[in-house]
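Colleague: Residue numbers (my numbering): 29 to 620. The structure under discussion is supplied below as structure tokens; questions concerning it will follow.
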């Protein structure tokens with residue numbers, strides 16, 4: 029690729045493309061940034077692959093795992109509780125975040141009549157996914173065995189709300205409500221089970237008891253007669269486990285898909301800057317935004333220019349050319365972030381350009397022409413060094429969270445619609461006095477469908493602000509990173525449907541899988557890395573890792589086999605100079 033200091037280069041191979049950099053000190057009257065180069069990375073797939081959704085812990089034998097799982101199922105089905113516990117416990121070491129395994133182990137402890145252990149492992153499954161009916165049901169069963177009826181009702185009610193078609197759930201819930209004197213509710217749940225579960229031997233009898241207690245003797249008599257019909261020639265179970273038996277007490281076999289190919293798809297990047305910018309790359313600088321303003325799959329750019337303005341570069345058959353108006357930038361300002369999103373819910377993306385002396389807002393229309401909305405948006409006076417866009421308060425409008433210069437803390441702006449923002453820093457519920465704040469990341473770390481915030485800091489560990497349902501963002505210490513880091517990135521790297529954490533510090537990239545204690549560490553061959561990007565460059569369904577700063581380094585995600593340094597194989601080892609931004613987009617509309 030060669031030196032990138034003279035413009036905005038593009039790298040391409042076959043149908044694969046990379047866009048390198050724009051200088052920040054090109055005589056534009058704008059303050060130079062420490063990182064001179066930006067890189068826009070566009071990657072291609074040379075062959076289709078199967079997307080996979082299953083995770084494994086690195087270095088473990090799949091054959092051994094399958095053997096343990098099958099042995100545990102055999103022991104469980106034959107009633108050998110302790111042997112089932114032993115087998116499932118060993119299998120769980122292979123895949124500690126697999127919810128089906130946690131539920132299998134909880135059920136084995138239920139078989140052994142160890143309710144405290146049932147609560148422990150079912151609770152761990154719910155910590156991963158709170159919408160698992162089996163987890164709530166098993167906790168409810170355990171609470172009943174501990175004579176904690178009120179707590180049992182709470183758990184069983186949650187299981188019922190998730191799926192009300194499981195007879196054992198409704199029966200135990202109704203029976204529990206009867207025990208605490210809630211006769212009408214008990215009759216309601218038990219009637220439902222007695223009506224739809226004709227083979228259930230206890231529902232009609234317990235229903236008759238609830239009706240009698242509710243002062244409805246005639247209906248109670250009818251229910252008792254129904255019970256007598258169903259029990260004729262049969263014997264009522266006298267074991268609590270019999271009443272618990274249902275689909276939730278069956279052993280689950282986790283679904284598995286293939287890991288990524290060991291060799292992967294052949295991808296190579298070459299410098300295609302001259303063609304992509306028609307020889308004008310030196311006129312443009314960053315930060316830049318990738319924008320598909322017509323939503324037709326054509327990705328264009330919004331960039332700085334060498335004359336200290338902002339403008340759109342429209343993409344025509346993979347070639348970028350000036351389009352529409354130019355907008356003035358601030359003199360001696362250092363712009364650090366270009367954010368692209370639909371900010372007024374008109375189905376077209378808009379642009380925010382964030383700077384340390386002021387910021388700009390641009391509204392795009394269907395024809396790709398932009399309009400300066402900076403003053404109207406009330407963001408023209410916003411001074412920031414980093415920012416993110418997210419629906420912080422669940423209004424359906426994208427809000428703005430920023431880091432102020434000179435360690436002045438955070439600012440929060442609510443989007444009132446039509447690109448009009450209001451400063452709500454004092455009332456947002458987000459702590460704004462965060463010392464040494466560097467970068468902002470928003471993601472659902474604890475898998476509760478709520479957007480959390482992670483803030484990397486200069487000399488302290490990242491701040492994790494957990495969004496409380498119906499409440500504010502609260503600082504917690506549940507992140508696995510306990511030391512200061514230069515950069516943070518989040519994404520599901522092992523395809524277990526949970527967000528993982530990738531950090532950069534001391535010349536190393538650390539991958540912390542959510543729910544796993546053991547982290548993976550990747551050593552960087554080049555010093556000076558400053559930021560991270562997670563993107564699937566080879567379209568195999570697994571997020572790969574890019575470290576950027578002084579040059580560029582790439583690591584391919586090999587699933588359970590870990591990560592492989594593919595910088596040289598991709599042709600990116602020739603990328604030199606300081607890179608401050610990396611993005612991925614399909615520039616030539618070839619599907620990659």
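For every residue, glycine included, the Cβ atom is placed at its ideal position computed from N, Cα and C.
Pick helix, strand or coil for residue 95, following the three-state DSSP scheme.
Modeller: Residue numbering aside, residue 95 sits at position 67 when the chain shown is read from its first letter. In the structure shown, residue 95 sits in a helix (DSSP, three-state: H, G or I).
Colleague: Taking the C-alpha atoms as reference points, what is the distance between residue 583 and residue 576?
Modeller: Taking the chain shown and counting its residues from 1, one reaches residue 583 at position 555. Taking the chain shown and counting its residues from 1, one reaches residue 576 at position 548. Spanning the two alpha carbons is a distance of roughly 12 Å.
Colleague: Using CA atoms only, rank isn't needed, just tell me which of 405, 253, 130 and 140 is closest to residue 111.
Modeller: Taking the first residue of the chain shown as 1, we reach residue 111 at position 83. Considering only alpha carbons, the answer is 140.
Colleague: Determine whether the beta carbon atoms of residue 182 and residue 201 lie at a separation below 8 Å.
Modeller: By 1-based counting over the chain shown, the position of residue 182 is 154. By 1-based counting over the chain shown, the position of residue 201 is 173. Going by C-beta atoms, residue 182 is not nearer than 8 Å to residue 201.
Colleague: Compare the beta carbon distance of residue 542 and residue 527 with 8 Å and say whether it is the shorter of the two.
Modeller: The sequence position of residue 542 within the chain shown is 514, counting from 1. The sequence position of residue 527 within the chain shown is 499, counting from 1. Going by C-beta atoms, residue 542 is nearer than 8 Å to residue 527.
Colleague: For residue 6, which of helix, strand or coil comes out of DSSP?
Modeller: Only positions 29 to 620 of the chain appear in the structure, and residue 6 is not among them; the question remains open.
Colleague: Does the region 503-518 come within contact of the region 477-491, defined as at least 3 CB pairs closer than 8 Å?
Modeller: Taking 8 Å as the limit for Cβ pairs, the verdict is that the region 477-491 does touch the region 503-518.
Colleague: May I ask you to report which of helix, strand or coil DSSP gives residue 440?
Modeller: Mapped onto the chain shown, residue 440 falls at position 412. Looking at residue 440 - three-state DSSP - the assignment turns out to be strand.
Colleague: Inspect the beta-carbon positions of residue 196 and residue 272 and report whether they are closer than 8 Å.
Modeller: The sequence position of residue 196 within the chain shown is 168, counting from 1. The sequence position of residue 272 within the chain shown is 244, counting from 1. Cβ distance < 8 Å, so residue 196 and residue 272 count as in contact.
Colleague: Is the CB-CB distance between residue 241 and residue 206 below 8 Å?
Modeller: The sequence position of residue 241 within the chain shown is 213, counting from 1. The sequence position of residue 206 within the chain shown is 178, counting from 1. Taking 8 Å as the Cβ cut-off, residue 241 and residue 206 qualify as a contacting pair.
Colleague: Can you grab the Cα-Cα spacing for the pair residue 59 / residue 338, in whole Å?
Modeller: Taking the first residue of the chain shown as 1, we reach residue 59 at position 31. Taking the first residue of the chain shown as 1, we reach residue 338 at position 310. For residue 59, the predicted model reports a pLDDT of 40, less than 50, meaning its position is unreliable; a value from the coordinates is still stated below. C-alpha separation (whole angstroms): 15 Å.
Colleague: Determine the direct distance from the alpha carbon of residue 300 to that of residue 564, and round the result to whole angstroms.
Modeller: For the purposes of this step, residue 564 is identified with residue 536 of the chain shown, where counting begins at 1. For the purposes of this step, residue 300 is identified with residue 272 of the chain shown, where counting begins at 1. Those two C-alpha atoms are separated by around 21 Å.
Colleague: Hey, residue 134 and residue 119: beta-carbon distance below 8 Å or not?
Modeller: Working through the chain shown from its first residue, we reach residue 134 at position 106. Working through the chain shown from its first residue, we reach residue 119 at position 91. Against a cut-off of 8 Å, the Cβ pair of residue 119 and residue 134 comes out as no contact.
Colleague: If you check the beta carbons only, do residue 429 and residue 436 fall under 8 Å apart?
Modeller: In the chain shown, the residue the question calls residue 429 occupies position 401. In the chain shown, the residue the question calls residue 436 occupies position 408. No, the Cβ-Cβ distance between residue 429 and residue 436 is not below 8 Å.
Colleague: Which whole-angstrom value describes the C-beta separation of residue 531 and residue 509, a residue pair presumed to lie in contact below a C-beta threshold of 8 Å?
Modeller: Within the chain shown, numbered from 1, the residue matching residue 531 stands at position 503. Within the chain shown, numbered from 1, the residue matching residue 509 stands at position 481. With 8 Å as the limit, residue 531 and residue 509 qualify as a contact, their Cβ atoms being about 5 Å apart.
Colleague: Confirm, please, whether the CB-CB distance from residue 585 to residue 288 is below 8 Å.
Modeller: Counting from one through the chain shown, the residue named residue 288 turns up at place 260. Counting from one through the chain shown, the residue named residue 585 turns up at place 557. Yes, they are a contact pair.
Colleague: Determine the DSSP secondary structure at residue 576, reduced to helix, strand or coil.
Modeller: Along the chain shown, one-based indexing puts residue 576 at 548. Reduced to three states, the DSSP call for residue 576 is strand.
Colleague: To the nearest angstrom, how far is the alpha carbon of residue 373 from that of residue 587?
Modeller: Looking up residue 373 in the chain shown gives position 345. Looking up residue 587 in the chain shown gives position 559. Cα to Cα, the separation comes out at about 38 Å.
Colleague: Relative to the C-alpha of residue 485, which candidate in 617, 215 and 463 has its C-alpha closest?
Modeller: What you label residue 485 is simply residue 457 of the chain shown in a count that begins at 1. The candidate whose alpha carbon is nearest that of residue 485 is 463.
Colleague: Considering only the alpha carbon of each residue, which of 610, 616 and 619 lies closest to residue 316?
Modeller: Within the chain shown, the letter at position 288 stands for residue 316. When only C-alpha atoms are compared, the closest one is 610.
Colleague: Could you check where the alpha helix (DSSP H) with residue 181 kicks off and where it finishes?
Modeller: The residue given as residue 181 occupies position 153 in the chain shown. Note, residue 181: alpha helix (DSSP H), 177-190.
Colleague: Tell me, to the nearest whole angstrom, how far the beta carbon of residue 131 is from that of residue 153; I am working on the premise that it is less than 8 Å.
Modeller: Numbered from 1 along the chain shown, position 103 holds the residue referred to as residue 131. Numbered from 1 along the chain shown, position 125 holds the residue referred to as residue 153. About 5 Å separates the two Cβ atoms, so the contact holds.
Colleague: DSSP on residue 286, reduced to helix/strand/coil?
Modeller: To locate residue 286, count along the chain shown from 1; it is residue 258. Residue 286: coil per DSSP, three-state reduction.
Colleague: Ordered along the chain, which non-local residues of its own chain (more than five positions away) have a Cβ less than 6 Å from that of residue 77?
Modeller: Working through the chain shown from its first residue, we reach residue 77 at position 49. Note that residue 77 scores 31 on pLDDT, short of 50, meaning its location in the model is unreliable; the coordinates nonetheless yield the value given after this. Same-chain partners within the cutoff: 568.
Colleague: Taking only runs that begin and end inside the region 394-471, name each unbroken alpha helix (DSSP H) of 4 or more residues, in chain order.
Modeller: Counting only runs of 4 or more, we get 402-405.
Colleague: Pick out whichever of 449, 444 and 422 has its Cα sitting closest to the Cα of residue 497.
Modeller: Within the chain shown, numbered from 1, the residue matching residue 497 stands at position 469. Nearest C-alpha to residue 497: 422.
Colleague: Taking the beta carbon of residue 371 as the centre, do at least 16 other beta carbons fall within 10 Å, making it buried, or is it exposed?
Modeller: The residue labelled residue 371 in the question sits at position 343 within the chain shown. Buried, since its Cβ has 16 or more Cβ neighbours within 10 Å.
Colleague: Roughly how many whole angstroms lie between the Cα atoms of residue 91 and residue 590?
Modeller: If you number the chain shown from 1, residue 91 lands on position 63. If you number the chain shown from 1, residue 590 lands on position 562. Using only the alpha carbons, I get a separation of about 18 Å.
Colleague: Our contact map puts residue 222 next to residue 251 with C-beta atoms below 8 Å; I'd like the distance itself, whole angstroms only.
Modeller: The residue given as residue 222 occupies position 194 in the chain shown. The residue given as residue 251 occupies position 223 in the chain shown. Yes, they are in contact, since the Cβ atoms of residue 222 and residue 251 sit about 7 Å apart, within 8 Å.
Colleague: Classify residue 366 as helix, strand or coil using the three-state DSSP reduction.
Modeller: Residue mapping note: residue 366 aligns to position 338 of the chain shown, counting from 1. Residue 366 falls in the strand class under three-state DSSP.
Colleague: Would you mind sorting residue 16 into buried or exposed? The rule is 16 or more other CB atoms within 10 Å of its CB.
Modeller: In the structure displayed, the chain extends from 29 to 620; residue 16 sits before or after that span and is not available.
Colleague: Tell me which same chain residues have a C-beta within less than 6 Å of the C-beta of residue 559, skipping the five on either side of it?
Modeller: By one-based count along the chain shown, residue 559 stands at place 531. Excluding residues within five positions, the ones whose Cβ falls inside 6 Å are 515 and 576.
Colleague: Count Cβ pairs between the region 404-411 and the region 330-348 that sit closer than 8 Å; are there 3 or more?
Modeller: Taking 8 Å as the limit for Cβ pairs, the verdict is that the region 330-348 does not touch the region 404-411.
Colleague: Looking at C-alpha atoms only, which residue of 193, 159, 144 and 157 is the closest neighbour of residue 172?
Modeller: For this step, residue 172 is matched to residue 144 along the chain shown. Out of 193, 159, 144 and 157, 144 has the C-alpha closest to the C-alpha of residue 172.
Colleague: Per DSSP, which one or two residues make a beta bridge with residue 343?
Modeller: By one-based count along the chain shown, residue 343 stands at place 315. Paired residues: 348.
Colleague: Run the CB neighbour count on residue 381, radius 10 Å, all protein chains shown included, and call it buried at 16 or more, exposed below.
Modeller: Taking the chain shown and counting its residues from 1, the one referred to as residue 381 is at position 353. The residue is buried, with at least 16 neighbouring Cβ atoms inside 10 Å.
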